[in-house]
Every structure is written in structure tokens, then in C-alpha cells.
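Our numbering puts the sequence shown at residues 2 to 232.
Note that CB positions come from ideal geometry on N, CA and C, so glycine has one too.
Read the structure below first, then the notes.
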Amino acid sequence: MSPFLRVTLAIFRKDVKRELRTKETISSMFVFAILVVVVFNFTLALDELRALELGPGILWTAFVFAATLGLNRSFAAERENQSLSGLIMAPVDRSAIYFGKLGSNLLFMLIMEAFVLPVFVVFFNLNVLEVLPGADLAWFALVLLLGTTGFTALGTILSAIASGTTMRDVLLPLLLLSFAVPVIVSSAEATRVLFDVDPLTGPGSWLTLLAVCTVSYVTVSWMIFEYVLEE
């Protein structure tokens with residue numbers, strides 16, 4: 002195994018073990034996402050048709066706000082314990098730190114989403130087999146994976162930037178929600194199409210935009226991460 006991969010997996014395992022011990026990231030994201038779903042459900046009192054129209058936006062709003070809460074703590078432990086300096090001094094490409102953090106953040110977000118989706122379906126009274134039959138369910142899984150990866154890739158690099166400031170709790174949401182607009186919009190729109198709100202069009206164009214944004218965020222973050230740590 003190459004040194005790069007060893008460092009990446011070591012950071013990933015460290016974050017996962019810490020989360021298994023504390024359970025603070027996933028639990029806080031889950032509670033926040035559920036609160037968003039519940040508030041929208043009782044405030045809007047949607048019928049079935051309106052739930053199909055507004056549901057995708059509400060779902061991704063819950064995911065985005067909850068993920069922002071979790072990403073805010075991504076580099077906090079390393080900064081607080083002064084262990085980031087030790088990671089920087091490791092004789093390996095510093096982007097290994099980024100990919101290790103990206104992997105753990107992505108895993109935490111996907112677990113949170115897996116718990117939130119059934120709650121969303123129940124509260125909005127949606128029949129999954131009717132709304133997302135067969136192939137559409139596979140497309141939705143792809144949208145979920147691409148959207149989550151793109152948002153996490155951007156959030157991880159911005160979390161590294163914000164963690165070195167005294168205003169990280171405010172700075173990260175401002176930067177992340179501003180730069181992640183293409184991913185958020187394309188994810189919500191692709192989901193809306195799959196919910197058959199506009200059955201005459203397919204999710205292809207939105208999926209293409211989502212894939213381009215995700216690849217771009219990962220590539221740019223990988224290229225600039227070394228300079229982010231130096232700052």
C-alpha cells in the first residue's frame with residue numbers, strides 16, 4: 002500500500018472511530034435535518050401534489066443545513082488539539098489529509114441521509130414505489146450520491162479554510178452556501194424531475210451539471226489543499 006493511501010485511510014479510520022465513540026456529528030446532523038422536515042411539514046400542510054412539487058427542495062434544504070452543521074466540526078478537533086501541524090509534517094502529499102477527511106465526511110452525510118429519507122417519506126405521505134418506480138429509484142440514488150459528494154468536497158476544503166479563523170462558525174455557512182448553489186439547485190431540480198413533477202423532461206441535463214460541478218469541486222480542492230494548510 003502506498004504512503005498516500007495509508008495516510009488517507011488512517012485519517013478516515015481516526016474520524017470514524019472518534020464518531021463511533023462520541024456520535025456527536027451524525028446525531029446532531031440527524032436531529033437538525035428532522036427538525037427542518039417537521040417544521041416544513043406542519044407549516045405548509047401540503048397535499049400529495051404539492052408535496053411532490055415542494056418535497057425535493059425541502060429534502061435538500063434539510064440535507065444542506067444539517068451537513069453544514071457537521072462540516073463545521075470537520076477540522077475543529079485537529080485545530081483544538083494542535084495535531085494538524087503533525088499531519089502537515091507527515092512525509093506524504095498533503096492532499097491525503099483532504100481525501101481522508103472527505104471520505105469520513107461523506108460517510109457521515111450518507112448515514113444521516115439514510116436515516117432522514119424514511120422520515121421524510123412518512124411525514125410527506127409519499128408512496129416510494131409510485132413516486133420512484135424502478136429505474137427512477139436508481140437515478141435518485143445517483144443524484145443523492147453526486148449531490149452529497151459535490152457538497153461534501155466543497156464543504157471539506159472550506160472547513161479547512163474556516164477552521165483557522167476565529168469566526169469559523171459564521172464563515173463556513175456563508176462561504177459554503179454561496180459556492181454550493183450549483184450543486185444544491187441541480188440536485189433539487191434533478192430530484193424534482195424524478196418525482197414526476199415535470200414528466201416530459203428527464204434529469205439528464207441536471208445530472209450532467211451536477212456531475213461537472215462535483216468533479217470540478219473535487220479537482221480544485223485537491224489542487225489547492227496544500228496551499229490552504231500553509232495559510
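When you compare each of the options to residue i by their alpha carbons, which one comes out closest?
| i | options | result |
| --- | --- | --- |
| leucine 10 | Arg74, Thr192, Leu103, Met168 | Leu103 |
| alanine 163 | Thr69, Gly101, Phe5, Pro204 | Thr69 |
| asparagine 42 | Ser28, Arg95, Ile27, Leu60 | Leu60 |
| alanine 161 | Thr149, Arg19, Asn73 | Asn73 |
| alanine 212 | Thr150, Ser28, Arg19, Ile35 | Thr150 |
| valine 184 | Pro174, Thr23, Val65 | Val65 |
| phenylalanine 100 | Leu6, Leu210, Ser29 | Leu6 |
| asparagine 128 | Val219, Leu50, Glu20 | Leu50 |
| proline 204 | Val186, Val219, Leu21 | Val186 |
| valine 38 | Gly165, Ser75, Val123 | Val123 |
| leucine 108 | Thr166, Pro174, Ala52, Leu21 | Leu21 |
| phenylalanine 76 | Thr166, Ser29, Asp48 | Thr166 |
| glycine 71 | Leu53, Ala52, Pro174 | Pro174 |
Would you say residue i and residue j are within 8 Å of each other, going by their C-beta atoms?
| i | j | result |
| --- | --- | --- |
| phenylalanine 13 | valine 117 | no |
| glycine 156 | leucine 172 | no |
| tryptophan 158 | valine 216 | Reading the sequence as shown, one finds isoleucine at residue 158 and not tryptophan. Cβ distance not < 8 Å, so isoleucine 158 and valine 216 don't count as in contact. |
| phenylalanine 125 | glycine 58 | no |
| asparagine 106 | threonine 62 | no |
| leucine 208 | leucine 133 | no |
| methionine 113 | isoleucine 27 | yes |
| valine 8 | alanine 78 | no |
Taking buried to mean at least 16 other C-beta atoms within 10 Å of its own C-beta, is residue i buried or exposed?
| i | result |
| --- | --- |
| aspartate 197 | exposed |
| valine 40 | exposed |
| proline 119 | exposed |
| serine 3 | exposed |
| glycine 148 | buried |
| aspartate 16 | buried |
| methionine 110 | buried |
| alanine 46 | exposed |
| serine 206 | exposed |
| alanine 52 | buried |
| alanine 181 | buried |
| valine 221 | exposed |
Assuming residue i contacts residue j (C-beta within less than 8 Å), just tell me the rounded distance between them.
| i | j | result |
| --- | --- | --- |
| serine 179 | valine 144 | With a Cβ gap of about 22 Å, serine 179 and valine 144 do not count as contacting. |
| threonine 192 | phenylalanine 141 | 7 Å |
| phenylalanine 226 | arginine 19 | About 21 Å; that fails the 8 Å criterion. |
| alanine 115 | alanine 67 | Rounded, the Cβ-Cβ distance is 13 Å, inconsistent with contact. |
Checklist entry - What are the uninterrupted segments assigned as alpha helix (DSSP H) that are 4 or more residues long and contained completely in the region 123 to 191, given in chain order? => result 129 to 132, 136 to 163, 169 to 180
Item to check | Contiguous alpha helix (DSSP H) assignments of at least 4 residues, all confined to the region 43 to 117 | outcome: 49 to 72, 77 to 81, 85 to 89
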